[in-house]
Amino acid sequence: MRRSSRTQTCRVADPGDDVNVEHSAASFLDSHADRADAPGPLMALPNTAPSEEAGATPAAELPGQLPRTSAHDVVMHEGSRSARLREIKLLIDGRLRLGLRATFTRYGLRRDLAVPITNPNAKVPISVRPLEPSDLPILLAENNHLEPQERVQIAWRKDFYKKAPEGCWVAVDERSGTPCYMQWLFGASENPLIRTFGGFPRLEPDEALLENAYTPVACRGLGIMSAAMALIAERAAEIGAQKVLTFVGDDNIGSLKGCQRAGFHPDLLNKRVRLLYGTISSDTFETLPADDPRRTLQF
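What follows is the structure in structure tokens.
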């Protein structure tokens, strides 16, 4: 069933609601492309990490294979008090950056799985599978060389995983078995959970939501986002979905291009208003008219 042309949701954040911070982050640090990719509320703060287009690695410099890392090579210190305090500080900083009022516009992009596409290829061979706990220290590794903004992106996803440990998929470099990309796929049965995130419409029974993508710094510039996103979207059929939605800021051209290569096209327009440092949020969703030229934009 087609959702109404205009729906609106309003949400007051619970104290300490870190997931909602990430959503504020979703438009502010917009997340999709290989720039950190998308908190897509799961996605919402302005992302300054390089997009796949902006940060592409010259072919002569491409690695023979992505770095091989194991959970033993990277210590995340998830249980340490200092690490958790650092994550909380980053999340609070993200909320403060929203100020008293912040507004964002995002495209709701849709892929119809009944319409065949030629899947894009990454510069390294990849396959996708559900995330395993041992993938987290590799995908969300921290070190002293990361920019503060990158640390925010990692902190958001660590926190989001605690709220939604199921439904995350990863892309794996087939040559080494190293995970190189992550993104969550939700079906309509998870509408109650999605509602707690804020920033998304209620899914119809034949719809799925693909959000909160992240590509580790070492794996960017290899076309992984588009290729992985196309493959993960196809897994939505396994949970009864025929259409897949994802949300990207209207000014995040790199991410919009990547999603378009993965078979996604504009279908909705989302207006987001965040008040009082993101503690109050309001979202309006409009279905683009059938003849709206934005439906056929080439980013």
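Note that the sequence shown ends on residue 626 in my numbering; no numbers are left out. Cβ coordinates follow ideal geometry from the N, Cα and C atoms, glycine included. Everything numeric in this text was worked out from a predicted model, so none of it was measured.
- Since Phe574 sits in a beta bridge, which residues does DSSP pair it with? In the DSSP output, where bridge partners are listed per residue, Phe574 has Gly435.
- Same chain only: Cβ atoms within 6 angstroms of Arg622, ignoring 5 sequence neighbours per side: Pro593, Leu615
- Cross-strand partners of Arg601 (DSSP beta bridge): The beta-bridge partner set that DSSP reports for Arg601 consists of Ala429, Ser608.
- Mind the definition here: the segment 585 to 600 touches the segment 434 to 442 only if three or more C-beta pairs lie below 8 angstroms; say whether that holds. yes
- Task: Please work out which residues of its chain come closer than 7 angstroms, Cβ to Cβ, to Glu534, disregarding the five sequence neighbours upstream and downstream, and give them in chain order.
- Result: Ala515, Ala568, Lys570, Leu572
- Would you tell me roughly how many angstroms separate the C-alpha atoms of Leu603 and Gly426, rounded to the nearest one? 6 angstroms
- Task: Go ahead and pull the three-state DSSP assignment for Glu561.
- Result: helix
- Query: Whose C-beta lies closer than 7 angstroms to the C-beta of Asp577 among residues of the same chain, with five residues either side of it excluded?
  - Reply: Thr432, Arg433, Tyr434
- Task: Classify Ala563 as buried or exposed, calling it buried when 16 or more other Cβ atoms lie within 10 Å of its own Cβ.
- Result: Buried.
- Item | Cβ distance (whole Å) where Phe612 is taken to contact Pro528 below 8 angstroms | Yes, they are in contact, since the Cβ atoms of Phe612 and Pro528 sit about 5 angstroms apart, within 8 angstroms.
- Message: Beta-carbon within less than 7 angstroms of Ser409's beta-carbon, same chain only, minus the 5 sequence neighbours each way: which residues are those?
- Response: none
- Is Arg297 helix, strand or coil by DSSP? The first residue shown for the chain is 328 and the last is 626, placing residue 297 beyond what the model contains.
- Within the same chain, show all residues whose beta-carbon is closer than 8 angstroms to that of Arg456, passing over the 5 residues directly before and after it, in chain order. Trp496, Val497, Val499
- Helix, strand or coil at Val544 [DSSP, three-state]: helix
- Taking all protein chains shown into account, decide if Leu412 is buried (16 or more other Cβ within 10 angstroms of its Cβ) or exposed. Counting Cβ neighbours within 10 Å, Leu412 comes out exposed, since fewer than 16 surround it.
- Message: For Lys598, would you say it is in contact with chain C, using Cβ-to-Cβ distances shorter than 7 angstroms as the test?
- Response: Of the protein chains in the structure, only one exists, and it is not chain C.
- Message: Looking at the secondary structure, which residues open and close the alpha helix (DSSP H) in which Leu466 lies?
- Response: 463 to 466
- Hey, could you find the ends of the beta strand (DSSP E) Pro519 is sitting in? Per DSSP, Pro519 belongs to no beta strand (DSSP E); it is in the alpha helix (DSSP H), 518 to 524.
- Within the same chain, show all residues whose beta-carbon is closer than 6 angstroms to that of Arg424, passing over the 5 residues directly before and after it, in chain order. none
- Item | Residues of its chain near Asp462, where Cβ-Cβ distance is below 6 angstroms and the 5 sequence neighbours each way are ignored | Val497, Pro506
- Using the Cα positions of Thr384 and Asn471, report the straight-line distance between them to the nearest angstrom. Low confidence applies here, because Thr384 scores a pLDDT of 32, under 50, leaving its location unreliable and the question unanswered by this model.
- Coil, strand or helix - Val451 by DSSP: DSSP places Val451 in coil when its eight states are reduced to three.
- Helix, strand or coil at Gln587 according to DSSP, with G and I counted as helix: helix
- Item | Spatial neighbours of Ala589 in its chain, beta-carbon cut-off 6 angstroms, leaving aside the 5 residues before and after | Ser553, Met556, Ala557
- Message: By the three-class DSSP mapping on this structure, what secondary structure does Leu635 have?
- Response: Shown here, the chain extends from 328 to 626; a query on residue 635 therefore has no answer.
- Item | Beta-carbon spacing of Ile551, Ala468 below 7 angstroms | no
- Message: Contact defined as beta carbons within less than 8 angstroms: I believe Ala482 pairs with Leu440. What is the distance between those atoms, to the nearest angstrom?
- Response: Contact doesn't hold; Cβ gap of about 33 angstroms is too wide.
- Between the C-alpha atoms of Leu372 and Arg502, what's the straight-line distance to the nearest angstrom? Confidence at Leu372 is low in this model, with a pLDDT of 36, below 50, so the placement of that residue is unreliable and no value is reported for it.
- One or two residues paired with His472 in a DSSP bridge: Paired residues: none, contrary to the question.
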